[in-house]
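K.L.:
Line by line, the protein sequences give chains A and B. Per numbering that gives the first Met the number 0, the first sequence starts with residue 0, numbered consecutively. Per numbering that gives the first Met the number 0, the second sequence starts with residue 0, numbered consecutively. The beta carbon of each residue, even a glycine, is placed where N, CA and C say it ideally should be. Predicted model, so just to flag it, every value in this text is computed and none were measured.
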Amino acid sequence: MTGIKQNDYLKYKRIYKLNTKICILDYGSGNVASVRNSFDRLGLESFISNEALDVMRASHLVLPGVGAFKASMEKIENELPLDLIRAQILLGKPLLGICVGMQVFAESGFEFEIHPGLNLIPGSEVIELPANVSKPHVGWDSIEIQNYHPILNSIDDGADFYFVHSYIVTKIDNSSLIASCDYGIKFPAVLVKDNLIGVQFHPEKSQSNGDKLLRNFVELVT
Amino acid sequence: MKKKRVIPVLLHKEGWLVQSKSFREYKKLGNAQKAVQRLSEWDSDELIYLDISKTESYTTNRSDTAAPDYQNLAELFGAVSKVARMPITIGGGIKTLNDIEVRLRAGADKISINRAAFANPSFITLASREFGRQCIVVSIDYEEFGVERHLYIDGKNKSNGSSKSALEWILKVEELGAGEVLLNSVSRDGMKSGYDISFLEKVANKLNIPVIACGGAGNWEHLAEVLTETNVDAVAAANIFHFQDQSVYLARRHLASKGLPVRPPSIQMRSRVN
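(1) Flag residue 209 of chain B as yes if its beta-carbon sits less than 7 Å from any beta-carbon of chain A, otherwise no.
(2) Contact criterion: CB-CB distance below 7 Å. Does residue 130 of chain B meet it with respect to chain A?
(3) Measuring straight from C-alpha to C-alpha, what distance separates residue 39 of chain A and residue 211 of chain B?
(4) Near residue 190 of chain B, which residues of its chain fall below 7 Å by C-beta distance, leaving aside the five closest residues on each side in sequence?
(5) Determine the extent of the alpha helix (DSSP H) in which residue 184 of chain B is found, giving its start and end residues.
(6) Would you decide whether residue 263 of chain B is buried or exposed? Buried here means 16 or more other CB atoms lie within 10 Å of its CB.
(7) For residue 134 of chain B, return the contacting residues in chain A, with the cut-off set at a CB-CB distance below 9 Å.
(8) For chain A, check one thing: does any of its Cβ atoms lie closer than 7 Å to the Cβ of residue 7 of chain B?
(9) Can you list, in chain order, the residues of its chain whose CB lies under 8 Å from that of residue 243 of chain B, leaving out five sequence neighbours each side?
(10) Taking the alpha carbon of residue 153 of chain A as the reference point, which residue from A:175, A:210, A:123, A:69 has its own alpha carbon closest?
(11) Which residue marks the beginning of the beta strand (DSSP E) containing residue 139 of chain B, and which one marks its end?
(12) Could you tell me if residue 227 of chain B is buried or exposed, where buried requires 16 or more neighbouring beta carbons within 10 angstroms of its beta carbon?
(13) Determine, using beta-carbon pairs with one atom in the region 94-103 of chain B and one in the region 37-53 of chain B, whether at least three such pairs fall under 8 Å.
(14) For residue 63 of chain A, is the classification buried or exposed, using 16 other Cβ atoms within 10 angstroms of its Cβ as the cut-off for buried?
(15) DSSP puts residue 276 of chain B in a beta bridge; with which residues?
(16) For residue 213 of chain A, decide whether its Cβ has a neighbour in chain B, counting only Cβ atoms nearer than 7 Å.
(17) Do residue 138 of chain B and residue 181 of chain B have their CB atoms nearer than 7 Å?
(18) How would you list, in chain order, the residues of chain B whose beta-carbon sits under 8 Å from the beta-carbon of residue 140 of chain A?
(19) When the Cα atoms are used, what is the spatial distance from residue 169 of chain B to residue 178 of chain B?
(20) Keeping to the same chain, check which residues put their C-beta closer than 6 Å to that of residue 202 of chain A; ignore five residues upstream and five downstream.
(21) With 7 Å as the threshold, decide whether the Cβ of residue 158 of chain A is near any Cβ in chain B.
(22) Would you grab the beta carbon distance between residue 16 of chain B and residue 34 of chain B for me? Rounded to a whole angstrom, and I think it's under 8 Å.
(23) Residues of chain B with a CB under 7 Å from the CB of residue 206 of chain A: which are they?
(24) Looking at C-beta atoms only, is the number of pairs between the region 113-123 of chain A and the region 158-167 of chain A that lie closer than 8 Å three or more?
(25) Measuring CB to CB, does residue 43 of chain A end up less than 7 Å from residue 217 of chain A?
(26) Between the Cα of residue 22 of chain B and those of B:246, B:163, B:151, spot the shortest distance and give me the residue it belongs to.
(27) By the 7 Å beta-carbon criterion, what residues does the region 115-126 of chain A contribute toward chain B?
(28) With 7 Å set as the bound, which would you pick, yes or no: does the beta-carbon of residue 45 of chain A sit closer than that to a beta-carbon of chain B?
(29) List the DSSP bridge partners of residue 15 of chain B.
(30) Quick one: Cα of residue 197 of chain A to Cα of residue 112 of chain A, how far?
(31) Where does residue 155 of chain A land, buried or exposed, given buried means 16+ other C-beta within 10 angstroms?
(32) How should residue 129 of chain A be labelled, buried or exposed, when 16 other C-beta atoms within 10 angstroms of its C-beta is the threshold for buried?
(33) If we call anything under 7 Å between Cβ atoms a contact, is residue 142 of chain B one with residue 185 of chain B?
(34) Using the Cα positions of residue 77 of chain B and residue 106 of chain B, report the straight-line distance between them to the nearest angstrom.
(35) Mark residue 30 of chain B as exposed unless 16 or more other C-beta atoms lie within 10 angstroms of its C-beta, in which case mark it buried.
(36) Which residues does DSSP list as the beta-bridge partners of residue 24 of chain A?
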C-alpha cells in the first residue's frame with residue numbers, strides 16, 4: 000500500500016491495535032460486511048452487533064448506512080439500543096456515521112414527506128440533490144477542505160472519495176463543516192460535531208484515502 | 000469534480016473467469032477471485048461481477064489454479080467481496096428480493112438485474128423501494144440491426160431475438176426506479192471494434208440516471224472516444240483488462256492524457272498492510 004510508511008504503520012499497530020474495539024452497529028444496513036472488511040485489512044478489531052454490552056465495551060462506534068432515510072430511521076429505531084448509544088455519545092465515545100448513517104444525525108429528512116431523524120445536530124435537514132443534476136450522485140468525487148480537523152490528517156485537499164447518494168445534509172454550522180463536495184450544489188462531505196463524525200462518502204470503498212480516514216477516526220481517543 | 004468511471008467487468012461461469020465473444024463463445028481465463036484481487040490492488044474505480052453460470056456448480060475441480068473452490072454462491076461472493084477494496088456490483092441469476100439481500104449481505108454494493116427485470120418490470124420498483132435506488136443497476140443487452148437497436152433477451156438463441164426497441168425499454172427502466180443502466184451491445188461483444196457511440200450518445204442525453212457503456216473495447220482509445228463523444232457516466236469493458244499487467248493504470252493514464260476527468264492514475268504495489 001503506497002503512502003503509508005512502515006514506521007507509521009508499526010506505530011499505529013503498537014498503540015491502537017490493542018485498545019481499539021470498534022462496534023459496527025447492525026440494524027440491517029447492507030454495507031456492514033464491507034466496513035468490517037476494511038477494519039480487518041487495517042488490522043483493527045471490530046465486531047458487528049446491536050447488543051447493548053457490545054456498544055458499551057466498544058472504544059469506537061460506527062453507524063453504517065446505504066439507501067433511503069426513512070427506511071433506515073425505522074430500522075435504527077427498531078434494532079438499536081438508542082438510549083444507550085445517545086448516552087455513550089454524551090460520554091464522548093467517537094461515532095462515525097457513513098452515508099445515510101450520517102444523514103440520520105439530522106433533525107429531519109425530506110423524502111416524499113418529513114421524517115424525524117436522530118436530531119444529534121439540531122436544526123439540520125436532509126434534502127434531495129437539485130433537479131438539474133444526474134441522480135444518484137454515484138462515483139468518485141473530490142472533496143474541498145473547509146476547516147481543519149484531525150479526521151482529515153494526511154488527506155489532501157481535492158482527494159477523491161466514493162459517493163453513492165441522492166440526498167444531502169443542509170443547514171449545519173460553518174464550524175461543523177470540515178469538507179464539502181460540489182455536485183451542482185455544495186454539500187457537506189465531512190462534518191464533525193464534538194465526537195460525532197459524519198461522512199457522506201463511503202470510506203470503506205475509497206481505497207487508500209478511505210483507509211487513511213478510518214485510521215484517523217480510530218486515532219480519535221477520548 | 001466528479002470523475003468518469005472506468006469499470007472492469009468480470010464474467011464468471013461455473014467457477015471460472017471467462018472471456019466472452021458475442022455471448023456464444025467462452026474461453027476460460029483463470030480464477031475469478033484472483034482477478035478481483037488483482038484489479039483491487041490496481042485501484043480500479045469499481046468492479047462489475049457477472050455470474051453467467053448455467054449450472055449450480057462452482058467448483059473447477061482443478062488443483063493448478065492455486066485458489067480454493069467454493070460450494071455455493073454466497074461463499075463465492077463472500078470471498079470475492081473480501082478482496083474488493085472498491086465498490087462491487089454483482090449480477091446474474093437474481094430473481095427475488097432475497098437473492099438481492101444475499102448478495103448485499105455478502106458484501107456487494109450494488110446488484111445488477113437483467114432478465115428478471117424484463118420478465119417482471121415491477122420487480123425493479125420493488126427492489127429499488129426496498130434497497131434504495133442507488134443499489135439497483137439494470138443491465139440491458141441489445142443487438143444492432145443497421146440503425147435499429149433490438150433487445151437481446153434470452154441467452155444464445157438468436158432466433159428468439161425480440162424486435163422490441165431497446166431505447167423504449169431503457170426509458171421505461173429509469174421510470175420504474177433503476178439507479179443506473181448498464182448497456183451492452185451483443186453485436187460488439189468481444190469484437191474489439193469500439194463502442195456503439197451513436198446509440199450511447201442518444202441514450203445518455205435522454206436519461207437522468209448514469210449510463211454505463213459496455214461492449215466493443217479493443218484499445219484504450221476506444222474508452223477515450225466514448226467518454227469524449229457521449230455523456231455516459233462510466234465506461235466498462237471485460238477482456239481488455241485481463242491480459243495486461245497494470246491495465247487499470249494504463250487505461251486511466253491514457254484517458255488523463257486526453258484531458259478526460261478520471262482519477263489520477265497510480266501504480267499500486269503488491270505489499271499490503273495486514
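P.N.:
In this structure, then:
(1) Working through the second sequence from its first residue, we reach residue 209 of chain B at position 210. Cβ-Cβ to chain A under 7 Å: yes for residue 209 of chain B.
(2) Counted from its first residue, the second sequence places residue 130 of chain B at position 131. At a cut-off of 7 Å between beta-carbon atoms, residue 130 of chain B makes contact with chain A.
(3) As a first step, residue 39 of chain A is located in the first sequence; it is residue number 40 there, counting from the start. As a first step, residue 211 of chain B is located in the second sequence; it is residue number 212 there, counting from the start. Pairing residue 39 of chain A with residue 211 of chain B, the inter-Cα distance amounts to about 31 Å.
(4) For the purposes of this step, residue 190 of chain B is taken as residue 191 along the second sequence, with counting starting at 1. Around residue 190 of chain B, the same chain offers 215 as residues with beta carbons nearer than 7 Å, after the five sequence neighbours per side are excluded.
(5) Position 185 of the second sequence, counted from the first residue, corresponds to residue 184 of chain B. Unbroken run through residue 184 of chain B is the beta strand (DSSP E), 179-184; no alpha helix (DSSP H).
(6) For the purposes of this step, residue 263 of chain B is identified with residue 264 of the second sequence, where counting begins at 1. So residue 263 of chain B counts as exposed.
(7) Counting from one through the second sequence, the residue named residue 134 of chain B turns up at place 135. Simply 29, 65, 66, 163.
(8) Counting from one through the second sequence, the residue named residue 7 of chain B turns up at place 8. No, residue 7 of chain B does not count as interfacial toward chain A.
(9) Here residue 243 of chain B is taken as the residue at index 244 of the second sequence, counted from 1. If we look at residue 243 of chain B and ignore the five residues flanking it on each side, its Cβ neighbours are 249.
(10) Indexing the first sequence from 1 puts residue 153 of chain A at position 154. Measuring C-alpha to C-alpha distances from residue 153 of chain A to each of A:175, A:210, A:123, A:69 identifies A:210 as the nearest.
(11) Against the second sequence, residue 139 of chain B aligns to sequence position 140. Counting along the chain, the beta strand (DSSP E) containing residue 139 of chain B begins and ends at 135-144.
(12) Within the second sequence, the letter at position 228 stands for residue 227 of chain B. With fewer than 16 other Cβ atoms within 10 Å, it is exposed.
(13) Remark: fewer than three beta-carbon pairs, one from each stretch, lie closer than 8 Å, so the region 94-103 of chain B and the region 37-53 of chain B are not flagged as touching.
(14) The sequence position of residue 63 of chain A within the first sequence is 64, counting from 1. Flag for residue 63 of chain A reads buried.
(15) Chain B is shown only over 0 to 273; residue 276 of chain B falls outside these bounds and no answer can be derived.
(16) Here residue 213 of chain A is taken as the residue at index 214 of the first sequence, counted from 1. Not closer than 7 Å to any Cβ of chain B, the Cβ of residue 213 of chain A fails to qualify, so no.
(17) On the second sequence, residue 138 of chain B is found 139 positions in, with the first residue counted as 1. On the second sequence, residue 181 of chain B is found 182 positions in, with the first residue counted as 1. Yes, they are a contact pair.
(18) Position 141 of the first sequence holds residue 140 of chain A. Under the 8 Å cutoff, chain B gives 0, 1, 2.
(19) Position 170 of the second sequence, counting from 1, holds the residue named residue 169 of chain B. Position 179 of the second sequence, counting from 1, holds the residue named residue 178 of chain B. Whole-angstrom Cα-Cα distance: 12 Å.
(20) As a working mapping, residue 202 of chain A is identified with position 203 in the first sequence. Around residue 202 of chain A, the same chain offers 209, 212, 213 as residues with beta carbons nearer than 6 Å, after the five sequence neighbours per side are excluded.
(21) Taking the first sequence and counting its residues from 1, the one referred to as residue 158 of chain A is at position 159. Not an interface residue.
(22) Your numbering for residue 16 of chain B matches position 17 in the second sequence. Your numbering for residue 34 of chain B matches position 35 in the second sequence. About 5 Å separates the two Cβ atoms, so the contact holds.
(23) Position 207 of the first sequence, counting from 1, holds the residue named residue 206 of chain A. Those within 7 Å of residue 206 of chain A in chain B are 42, 84, 85.
(24) As far as the Cβ criterion goes, the region 113-123 of chain A does not touch the region 158-167 of chain A, which means the pair count is below three.
(25) As a working mapping, residue 43 of chain A is identified with position 44 in the first sequence. As a working mapping, residue 217 of chain A is identified with position 218 in the first sequence. Against a cut-off of 7 Å, the Cβ pair of residue 217 of chain A and residue 43 of chain A comes out as a contact.
(26) To locate residue 22 of chain B, count along the second sequence from 1; it is residue 23. Here the closest residue by C-alpha is B:151.
(27) Cβ contacts with chain B come from no residue of the region 115-126 of chain A.
(28) One-based indexing of the first sequence puts residue 45 of chain A at position 46. Chain B contact via Cβ: absent.
(29) Residue 15 of chain B sits at position 16 when you count from the first residue of the second sequence. In the DSSP output, where bridge partners are listed per residue, residue 15 of chain B has B:12, B:30.
(30) Here residue 197 of chain A corresponds to residue number 198 of the first sequence, with the count starting at 1. Here residue 112 of chain A corresponds to residue number 113 of the first sequence, with the count starting at 1. The C-alpha of residue 112 of chain A is placed about 23 Å away from the C-alpha of residue 197 of chain A.
(31) Against the first sequence, residue 155 of chain A aligns to sequence position 156. So residue 155 of chain A ends up on the exposed side.
(32) For this step, residue 129 of chain A is matched to residue 130 along the first sequence. With fewer than 16 other Cβ atoms within 10 Å, it is exposed.
(33) Residue 142 of chain B sits at position 143 when you count from the first residue of the second sequence. Residue 185 of chain B sits at position 186 when you count from the first residue of the second sequence. Cβ atoms of residue 142 of chain B and residue 185 of chain B: closer than 7 Å.
(34) Here the question's residue 77 of chain B lines up with position 78 in the second sequence. Here the question's residue 106 of chain B lines up with position 107 in the second sequence. The alpha-carbon of residue 77 of chain B is positioned some 6 Å away from that of residue 106 of chain B.
(35) To locate residue 30 of chain B, count along the second sequence from 1; it is residue 31. If you draw a 10 Å sphere on the C-beta of residue 30 of chain B, you find 16 or more other C-beta atoms in it, and that means buried.
(36) Locating residue 24 of chain A in the first sequence gives position 25, where the first residue counts as 1. According to DSSP, residue 24 of chain A shares a beta bridge with A:48.
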